[in-house]
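Numbering (full-length UniProt numbering), first residue to last: 1 to 170.
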């Protein structure tokens, strides 16, 4: 999985959600979300950060229940600059679907095409799984993520409640 246009800038590949570099990236996501929720100039306490980390569901983002996709700057030995998780969801009420989780790109890499590349990779995996749709819960403070998803054909899903977006794979 790599983005041809950004191939010399980054590599998109399957990652290990338990790898220390992946955990560091996900912790950065937690910090950013908590800072945004707290408001301008406010910082979350160490307890809030640890609680946010504990609540971040990630243990199921490994085969066979899910995947974790990472973007590395400069190729296979480069630092992680972004990530996204995809969880298989099965059940009679959901049909064959997947859940997008933890789409994150370091601020310095935003606007370079990393996020669309990660999103396209996750959508490709969902198609390989035979999913008919991909769902995501996007918090109000995740303005960039919501904008990216909507630009790429995701729609609000009123049946699932506020903050939920769905992509129909057809």
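All C-beta atoms, glycine included, are put in the ideal place defined by N, C-alpha and C. Just so it is clear, the structure is predicted and the values come from calculations on it, not from any experiment.
Considering only the alpha carbon of each residue, which of the options lies closest to residue i?
| i | options | result |
| --- | --- | --- |
| residue 53 | 98, 13 and 26 | 26 |
| residue 108 | 73, 117 and 129 | 73 |
| residue 62 | 118, 16, 23 and 84 | 16 |
| residue 60 | 120, 41, 117 and 102 | 102 |
| residue 56 | 133, 124, 24 and 64 | 24 |
Buried or exposed: where does residue i fall if 16 or more other Cβ atoms within 10 Å of its Cβ makes it buried?
| i | result |
| --- | --- |
| residue 20 | exposed |
| residue 150 | exposed |
| residue 66 | buried |
| residue 30 | buried |
| residue 159 | exposed |
| residue 131 | buried |
I believe residue i touches residue j by the beta-carbon criterion, under 8 angstroms. Please report the beta-carbon distance rounded to the nearest angstrom.
| i | j | result |
| --- | --- | --- |
| residue 144 | residue 110 | 7 angstroms |
| residue 169 | residue 115 | The Cβ separation is near 19 angstroms, so there is no contact. |
| residue 58 | residue 85 | 7 angstroms |
| residue 68 | residue 22 | 7 angstroms |
Go through its chain and collect everything with a Cβ distance to residue i's Cβ below 8 angstroms, but skip five positions before and after it.
| i | result |
| --- | --- |
| residue 146 | 138 and 165 |
| residue 28 | 104 and 106 |
| residue 157 | 135, 164, 165 and 166 |
| residue 18 | 62 |
| residue 129 | 88, 96 and 98 |
| residue 148 | 103, 115, 116 and 119 |
| residue 64 | 88 |
| residue 33 | 52, 139, 141 and 142 |
Could you pull out every residue in the same chain whose Cβ sits closer than 6 angstroms to the Cβ of residue i, ignoring the five residues on either side in sequence?
| i | result |
| --- | --- |
| residue 36 | 141 |
| residue 70 | 15, 80 and 83 |
| residue 172 | Outside the displayed span of the chain (1 to 170) sits residue 172, for which this structure offers no information. |
| residue 9 | none |
| residue 78 | 72 |
Less than 7 angstroms between C-beta atoms, sequence neighbours within five positions excluded: which residues of the same chain meet that for residue i?
| i | result |
| --- | --- |
| residue 155 | 165 and 166 |
| residue 76 | 11 |
| residue 122 | 69, 84, 86 and 100 |
| residue 153 | 167 |
| residue 43 | 35 |
| residue 38 | 44 |
| residue 162 | none |
| residue 133 | 97, 166, 167, 168 and 169 |
Does the Cβ of residue i lie closer than 7 angstroms to at least one heavy atom of the ligand MG?
| i | result |
| --- | --- |
| residue 31 | The ligand MG is not part of this structure, which contains no ligands at all. |
Is it true that the segment 44-51 meets the segment 77-91, where meeting means three or more beta-carbon pairs spaced less than 8 angstroms apart? no
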